[in-house]
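The structure appears right after this line, and notes come after that.
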Amino acid sequence: MAIADEFRQLQTRLLECWEGTETFIPELPRGPGGIERDILVVPSLSFPQPELGKITGYTHYEERQLYTLIQLRNPRTRMIYVTSQPLHPSIVDYYLDLLPGVPSCHARDRLLLLATYDRSDKPLTAKILERPRLLERIRQALRPNQAYMVCFNSTPLERELAVRLGVPLYSTDPDLLYWGTKAGSRELFAAAGIRHPIGSGFLQGVPELVRAIAHLQEKCPELQQLVVKLNEAFSGEGNALLDLRPLRPLGSPHTPDHLQRIENSLEDMVFQAPNETWASYRQRFTDLGGIVEAFVEGTVKRSPSVQGCITPKGSVEIVSTHEQLLNAPTGQIFIGCEFPAHADYRQQLQELGQKVGTYLAQQGVIGCFSVDVVATQTTEGWELYAIEINLRKGGTTHPFMTLKFLTDGHYELASGRFYSKHRRPKYYIASDNLCQPHYRGLLPNDLLDMIARYHLHFDSSTETGTVFHLMGALSEFGKLGLVSIGNTPEEAQAIYNQTIGVLDAAAL
Numbered sequence: 001m002a003i004a005d006e007f008r009q010l011q012t013r014l015l016e017c018w019e020g021t022e023t024f025i026p027e028l029p030r031g032p033g034g035i036e037r038d039i040l041v042v043p044s045l046s047f048p049q050p051e052l053g054k055i056t057g058y059t060h061y062e063e064r065q066l067y068t069l070i071q072l073r074n075p076r077t078r079m080i081y082v083t084s085q086p087l088h089p090s091i092v093d094y095y096l097d098l099l100p101g102v103p104s105c106h107a108r109d110r111l112l113l114l115a116t117y118d119r120s121d122k123p124l125t126a127k128i129l130e131r132p133r134l135l136e137r138i139r140q141a142l143r144p145n146q147a148y149m150v151c152f153n154s155t156p157l158e159r160e161l162a163v164r165l166g167v168p169l170y171s172t173d174p175d176l177l178y179w180g181t182k183a184g185s186r187e188l189f190a191a192a193g194i195r196h197p198i199g200s201g202f203l204q205g206v207p208e209l210v211r212a213i214a215h216l217q218e219k220c221p222e223l224q225q226l227v228v229k230l231n232e233a234f235s236g237e238g239n240a241l242l243d244l245r246p247l248r249p250l251g252s253p254h255t256p257d258h259l260q261r262i263e264n265s266l267e268d269m270v271f272q273a274p275n276e277t278w279a280s281y282r283q284r285f286t287d288l289g290g291i292v293e294a295f296v297e298g299t300v301k302r303s304p305s306v307q308g309c310i311t312p313k314g315s316v317e318i319v320s321t322h323e324q325l326l327n328a329p330t331g332q333i334f335i336g337c338e339f340p341a342h343a344d345y346r347q348q349l350q351e352l353g354q355k356v357g358t359y360l361a362q363q364g365v366i367g368c369f370s371v372d373v374v375a376t377q378t379t380e381g382w383e384l385y386a387i388e389i390n391l392r393k394g395g396t397t398h399p400f401m402t403l404k405f406l407t408d409g410h411y412e413l414a415s416g417r418f419y420s421k422h423r424r425p426k427y428y429i430a431s432d433n434l435c436q437p438h439y440r441g442l443l444p445n446d447l448l449d450m451i452a453r454y455h456l457h458f459d460s461s462t463e464t465g466t467v468f469h470l471m472g473a474l475s476e477f478g479k480l481g482l483v484s485i486g487n488t489p490e491e492a493q494a495i496y497n498q499t500i501g502v503l504d505a506a507a508l
């Protein structure tokens, strides 16, 4: 039997994990002691290495899924967490000490940490597959009928690992990943009747790109800027901005002379990734393909997103909305987020997310998804343009899940707010890109000392404070992630500002 067929058969066992629940997280305690469950966490970033290489300290991004340790608050849950390199013990202890309602030592006994001891650029999943003894150790530690596997993104590598271990994967079938590409997103938006920028379908190579640009100029002569996107890039790193204003055609945009002008102008695009050149981008556009679409113009413009999950039963749950914090020459690279999205269009976002989720569920997709949106203010309100779909976890996943498990709260669809179990509304600001040269050389223990000394830790009594991640990237890259949680947006911002101020002062 082919791996794809074995995988589909294996996935039917996921339904057992969701028996009696419609929520997207089946491992929350239900009744005395909860239910028996083994969770295998493989936080592999299975993307092309040239794309990953644009992210500072990406080798430490496997730590971003350490929020899953909080699921050990269920005293009958066991977890296996695999990484490329061993995690620093202080980092693990930091997360276990955040667990509400269970002794950290009890949780530690139910946690098995494994590592490949491989610092190469290969995806973590590939490293595991290359190590038969490690595979066998994982297999022996799992109870197959009570286990499932989670990952950052699903590819044929994760599918093969699930089949070889005999455990289902709570993520979408890699055969359906087209719907998470730039071209697939545009096709879905059109099919579902969702407003999105005018643009092209899938393009392969520069000649097709040039002809598509000419077609858009002919169709919409008023266009000022276009965005060229690699089909499978992420975080905006594969985007480039093309200014059309110097390229007004004198006649038909399809003349050989004008097509040559377009091709020549591609060298002058504004690339979002640092150190990107037209030579390297051209090659990857030929290899990966991509799309081109109108750049959404607007005097007042924001970049919200909506997150959802599709359970193995096919039910769609909208779990959050965010304002994305972007940084790049034209503001297209994700660096952090604020929760929740602006109230003026929060409900519109949720409705958009529900439409996308319903369409994805009809195609057989399960697991996490999100939709990036551009919101522009008009005299009649806010207009939303769907930009792209992500069929994976993302930069908004770990801060929201951290909030959910720390406060034992829930997302209220009617208001688009999150309430803790004490009915306090919660807000946060999160970033993966707190990066300063003077942070280099700080060890995890140094950071923990600052957290304790300056009272930067999360306070469970007020349900406010800061939770840190990416601590392993601190010493080498001077990079850190954090989530600052408050009872009002202003309090979350104040906690965030205070945390950064204290870290900067203490590190200098």
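Just so we're aligned: the sequence shown equals residues 1 to 508 in UniProt numbering. Positions of the beta carbon are idealized from the N, C-alpha and C atoms, including for glycine. Quick caveat, the model's predicted, so the values are computed rather than measured.
Bridge partners - residue i, DSSP secondary structure assignment
i: Met-79; result: Ile-39, Leu-111
i: Gln-307; result: Ser-320, Ser-370
i: Arg-302; result: Ala-375
i: Met-471; result: DSSP output for Met-471 lists no bridge partner at all.
i: Ile-429; result: Glu-338, Ser-484
i: Leu-240; result: Contrary to the premise, residue 240 reads as Ala rather than Leu in this sequence. DSSP lists Val-228, Phe-271 as partners of Ala-240.
i: Ala-147; result: Asp-38
i: Glu-412; result: Arg-417
i: Cys-435; result: Lys-479
i: Leu-203; result: Gly-290
i: Gly-465; result: Ile-485
i: Asp-459; result: Thr-464
i: Leu-169; result: Met-149
Extent of the continuous alpha helix (DSSP H) run through residue i
i: Leu-474; result: 474-477
i: Gly-184; result: 182-192
i: Phe-7; result: 3-11
i: Glu-130; result: Glu-130 -> no alpha helix (DSSP H), and no H or E assigned at all.
i: Glu-158; result: 156-165
i: Leu-360; result: 346-363
i: residue 542; result: Look at the range of the chain in this structure, 1 to 508, and you will see that residue 542 is not part of it.
Start and end residues, beta strand (DSSP E) containing residue i
i: Asp-372; result: 367-378
i: Phe-400; result: Phe-400 -> not in any beta strand (DSSP E); alpha helix (DSSP H) instead, spanning 397-407.
i: Trp-382; result: 381-390
i: Gly-290; result: 290-294
Whole-number beta carbon distance between residue j and residue i, since they are thought to touch under 8 Å
i: Pro-168; j: Gln-65; result: Actually they are not in contact, since the Cβ atoms of Pro-168 and Gln-65 sit about 18 Å apart, beyond 8 Å.
i: Leu-157; j: Leu-129; result: 7 Å
i: His-455; j: Ala-507; result: About 17 Å; that fails the 8 Å criterion.
i: Phe-202; j: Ile-80; result: So it is not a contact: roughly 38 Å between Cβ atoms.
i: Val-365; j: Leu-176; result: 5 Å
i: Ile-387; j: Val-356; result: Incorrect: roughly 12 Å between the Cβ atoms, too far for contact.
i: Ser-200; j: Glu-293; result: 7 Å
i: Arg-195; j: Tyr-385; result: 6 Å
i: His-60; j: Leu-447; result: His-60 to Leu-447, Cβ: 13 Å. No contact.
i: Glu-263; j: Val-206; result: 7 Å
Backbone CA spacing between residue i and residue j [nearest angstrom]
i: Ile-500; j: Thr-466; result: 10 Å
i: Glu-16; j: Ser-320; result: 26 Å
i: Tyr-58; j: Gly-478; result: 13 Å
i: Ala-492; j: Gly-486; result: 4 Å
i: Leu-325; j: Ile-3; result: 40 Å
i: Glu-62; j: Phe-334; result: 18 Å
i: Ala-115; j: Val-210; result: 46 Å
i: Leu-28; j: Leu-40; result: Because the pLDDT of Leu-28 is 48, which lies under 50, any placement of that residue in the model is unreliable, and the number read from its coordinates should be weighed accordingly. So the alpha carbons of these two residues sit roughly 16 Å apart.
i: Glu-267; j: Ala-212; result: 17 Å
i: Leu-14; j: Arg-392; result: 18 Å
i: Gln-363; j: Gly-184; result: 12 Å
i: residue 522; j: Gln-224; result: Residue coverage of the chain in this structure runs from 1 to 508, which leaves residue 522 outside it and unanswerable.
i: Ile-198; j: Asn-239; result: 16 Å
i: Gln-354; j: Trp-179; result: 15 Å
i: Ile-310; j: Pro-246; result: 45 Å
i: Gly-31; j: Arg-302; result: Here Gly-31 scores only 44 on pLDDT, less than 50, and its place in the model is too uncertain to base an answer on.
i: Glu-102; j: Asp-109; result: The residue you asked about is not Glu; residue 102 is Val in the sequence shown. Approximately 12 Å between the Cα atoms of the pair.
i: Asn-145; j: Arg-76; result: 15 Å
i: Ser-171; j: Glu-490; result: 36 Å
i: Gly-53; j: Asp-121; result: 9 Å
i: Ile-138; j: Pro-444; result: 28 Å
i: Lys-182; j: Leu-288; result: 11 Å
i: Pro-358; j: Gly-251; result: The sequence as given places Thr at residue 358; Pro does not occur at that position. C-alpha separation (whole angstroms): 44 Å.
i: Asp-97; j: Leu-124; result: 27 Å
i: Pro-304; j: Phe-295; result: 16 Å
i: Thr-299; j: Arg-159; result: 45 Å
i: Thr-56; j: Lys-313; result: 38 Å
i: Glu-6; j: Gln-348; result: 40 Å
Checklist entry - Looking at C-beta atoms only, is the number of pairs between the segment 365-374 and the segment 420-435 that lie closer than 8 Å three or more? => result no
Checklist entry - Do three or more CB pairs link the segment 444-457 to the segment 402-413 at distances below 8 Å? => result Put simply, the segment 444-457 does not touch the segment 402-413. Fewer than three CB pairs are less than 8 Å apart.
Checklist entry - Taking three-plus beta-carbon pairs below 8 Å as touching, is the segment 213-221 in contact with the segment 269-281? => result no
Next on the checklist: For the structure I just gave you, are there three or more beta carbon pairs, one from the segment 41-53 and one from the segment 145-162, closer than 8 Å?
Outcome noted: yes
Next on the checklist: Closer than 8 Å is the cut-off here; do at least three beta carbon pairs connect the segment 394-403 with the segment 334-343?
Outcome noted: Yes: at least three Cβ pairs fall under 8 Å.
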